[in-house]
Structure formats: structure tokens, C-alpha cells
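What follows is a set of notes on a single structure, which appears directly below.
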Ligand SMILES: NC(=O)c1ccc[n+]([C@@H]2O[C@H](COP(=O)([O-])OP(=O)(O)OC[C@H]3O[C@@H](n4cnc5c(N)ncnc54)[C@H](O)[C@@H]3O)[C@@H](O)[C@H]2O)c1
């Protein structure tokens, strides 16, 4: 039996590339999933799954997040997993801190980092309440950061980069704070991946090929690659893994 059978998960950014793939995999593995996104439900079997609840709203709104998470707990009577996949990368406007618009900085950090504060502060107490004896271990969280948090960039996206570094830091803090409850927390660091966020590559095959050529494994990532890694980190196979980062980038950051 899948370790996800009979469990409950929250996935943010579930209308987008990675979040949708992750929600679909969790549903297929037997979990009930609340899918949260700003966008209306995508035309995808996951969003229509009988164990899915798709909730439209903004993860920077603490009241909305609180309501979505408590409604999940009321519906399913437990909460085992949280995946923070909502994010934005505004290439054209997110630039060097020297000349970025400061309101834009705040919005990017709110969406990519502070949203994690909202989801975790409402989810963790309910994960604790779900308590021992749950179908899986103590429960787990995966927060999607980025390899961008590990390096500088000649085409800077400073707000995104700083926010993603904050995600890694908070993930470690959560891991230590809640290890006693058996709750694990890990960050996933994707390299460039072909999702709606990177629609710029659909319009520019030469740029896409050039980005792929810079990856040792010779291609860009996919939502499937990230869902596979996320399901592993959530699963009992990762029972002794917490407070760390899993880089999923085809070897990009291993290059000198
Ligand atoms: N695609 C990549 O190359 C790449 C690389 C590294 C990290 N990431 C990260 O992976 C995660 C998933 O991104 P993706 O590639 O699937 O992109 P995506 O754009 O397909 O999905 C992101 C989803 O987040 C949702 N979202 C944005 N702001 C929101 C808000 N305020 N409230 C609720 N939902 C909101 C969007 O509507 C979208 O559906 C993001 O955190 C992203 O930063 C992506």
C-alpha cells in the first residue's frame, strides 16, 4: 500500500506546472489534496479528482490561507503533507536591487517567501494535531526554492533570489523545530524547468536550446522531474531526511 493512502495534503501553486504534477501524483497515490492557486482550475484530471478540492485564492492573504487549511482539516479530519509550490519569476521587472521598484520587491518576496509563513503557521499545528498513529510517519513538507538561491546572476532577479534563499533557511528552521513531532521539512531546488513560468522559452527555441546545452544531462527539467523528487521527499522512503535541500537540475550547479 502507498504510504500516502488515507492521508491529506495541501499543495499551493497547484494550478501551475510543478504544483499540478505534484497534486496529481499525490491523488494517484491515495491522498486527498487541497489544491490552492490564484488561477481558476486547469483542465486536468487532477483538478476533477473526487479526492481533490481546488481552492482559488492568494497565498499572500493570511486569512484566505487559514480558511483553506482549516476547511481541509474539517473535510479530511487530518493533515499530513504540505507542498509550497506557488511562486512568481517576473523576468522583466525583477532586477538588481540597485534599481528594482521597491513595491515590486515586496510583492515578489510576499509571494515567494512570506506565503510559506502563512501556509506553515496554519498547517503545522494541524499536522501536530493529526498526531501519532497516522497512516504515514509524522508528516512532511516540501518547499520549492530554486538553484538561483545558490549563486549570483549577471541578469539578476534579486527579489526572487533572496526570497528563495529565505525559503531554504525557513525550511531548515522548521525541520529542527518540529522534528520532535516527526514532521520533516525539506527544500527542493529546481534548475530551469519547462513549465508555464518559463513560457519565454516556448517563444524562443534558440534560447531554450542554449539553456539546455548548459545542463550536463543535456536538457531542461520538467514538472515530472520535480514531482518525482517531491513525492520521494514526502514519502516514508525519505523518513531520515529533513532540514536539507535536494537539487534537481541535471547537474547544472555541479559545473565549475
Ligand atoms: N520553472 C522553473 O524553471 C523553476 C525553476 C526553479 C524554481 N521554480 C519554482 O518552482 C515553483 C513552481 O513553479 P512552476 O515552474 O510550476 O511555475 P508555474 O508558473 O507553472 O506555477 C506557479 C503557480 O503559482 C501560482 N501563484 C503565483 N502567485 C500566487 C499567489 N499569490 N497565490 C496563489 N498562487 C499563486 C501561479 O498561478 C502558478 O499556477 C515556483 O515556486 C518556482 O519559483 C521554478
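Numbering (this note's numbering), first residue to last: 94 to 349.
Even glycine gets a Cβ: it sits at the ideal position worked out from N, Cα and C.
Approximately 6 Å separates the beta-carbon atoms of residue 113 and residue 137; this is inside 8 Å, confirming the contact.
Residue 284 is positioned such that its CB atom lies no closer than 8 Å to that of residue 291. Counting every other CB atom within 10 Å of its CB across the protein chains shown gives residue 271 a total of 16 or more, marking it as buried. Taking non-hydrogen atoms of ligand 1 into account, the C-beta of residue 264 is found less than 7 Å away from none of them.
Residue nearest to residue 335 within the set 255, 258, 321, 233 is 233 (criterion: CA-CA distance). Here residue 267 is buried: its Cβ has 16 or more other Cβ atoms, across all protein chains shown, within 10 Å. Residue 332 is a Cβ neighbour of residue 230, given a cutoff of 8 Å. CA-to-CA, the gap between residue 180 and residue 277 works out to about 22 Å. DSSP places residue 126 within a strand segment (E or B) once states are collapsed to three. Annotation note: the stretch 125-186 contains the following uninterrupted alpha helix (DSSP H) runs of length 4 or greater, listed N- to C-terminal: 138-141, 155-169. By a beta-carbon distance limit of 8 Å, residue 148 does not contact residue 159. Their separation comes to about 12 Å. Proximity of the stretch 236-256 to the stretch 191-210 meets the contact definition, three or more beta-carbon pairs being nearer than 8 Å.
Distance from the CA atom of residue 309 to the CA atom of residue 301, rounded to whole angstroms, is 15 Å.
Inclusion of residue 103 and residue 172 in the CB contact set at 8 Å is warranted, their separation being smaller than that value. With a cutoff of 7 Å, residue 291 counts as near ligand 1, since its C-beta is closer than that to a heavy atom of the ligand. Shortest Cα-Cα distance from residue 213 to any of 258, 187, 152 involves 152. Per the coordinates, the alpha-carbon of residue 211 lies some 12 Å from the alpha-carbon of residue 163. A Cβ-Cβ contact shorter than 8 Å links residue 184 with residue 293. Residue 287 carries a strand assignment under DSSP once its states are collapsed to helix, strand and coil. Residue state for residue 340 is assigned as strand, using DSSP reduced to three classes.
Collapsing the DSSP output to three states places residue 103 in a strand. Contact check for residue 240 and residue 342: beta-carbon distance about 5 Å, within the 8 Å limit, so the pair qualifies.
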